[in-house]
Amino acid sequence: MTVRKSHGGVAERDWFVRARVRVRAEHHARSLEQELRVFRAGEVVEMVQWGRAGQEIDTGSWWTTNQYIPAAHIVPTDKVEVLEVLEEQRPTFEGEE
Numbered sequence: 416m417t418v419r420k421s422h423g424g425v426a427e428r429d430w431f432v433r434a435r436v437r438v439r440a441e442h443h444a445r446s447l448e449q450e451l452r453v454f455r456a457g458e459v460v461e462m463v464q465w466g467r468a469g470q471e472i473d474t475g476s477w478w479t480t481n482q483y484i485p486a487a488h489i490v491p492t493d494k495v496e497v498l499e500v501l502e503e504q505r506p507t508f509e510g511e512e
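In terms of this note's numbering, the sequence shown has 459 at position 44, counting the first letter as 1, and numbering is strictly consecutive.
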């Protein structure tokens, strides 16, 4: 599976993606609590993307958590490869039965 690209547009509903991703290039990320996390190339982690209905769809980054935002670390989309989507609710109703 390839890296997800920014979709653009406005979400019709709240959405999320939870996936296993492989880090493609080393990335240093600091949480809002100032905790430094170094993601190493080849490392596999579970990450999330999410957004709210009525807001622009932004898939430019992956987060380490959706539970407690101040502790989350963020990795740009171009530095990860999606290996497996574990759970997903798409931002639009297009193409659904």
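Glycine included, each C-beta is placed from N, C-alpha and C at the ideal position. This one's a predicted model, so the numbers in the text were calculated from it and none came from an experiment.
The alpha carbon of R439 has as its nearest neighbour, out of P506, E502, L501 and V497, the alpha carbon of V497.
Straight-line measurement puts the Cα of V463 at about 9 Å from the Cα of S476. A straight line joining the alpha-carbon of T507 with that of D473 spans about 13 Å. DSSP places Q504 inside the beta strand (DSSP E), whose first and last residues are V495 to Q504. I489 sits in a strand when the DSSP states are folded into three classes. Bounds of the beta strand (DSSP E) holding G466 are V459 to G466.
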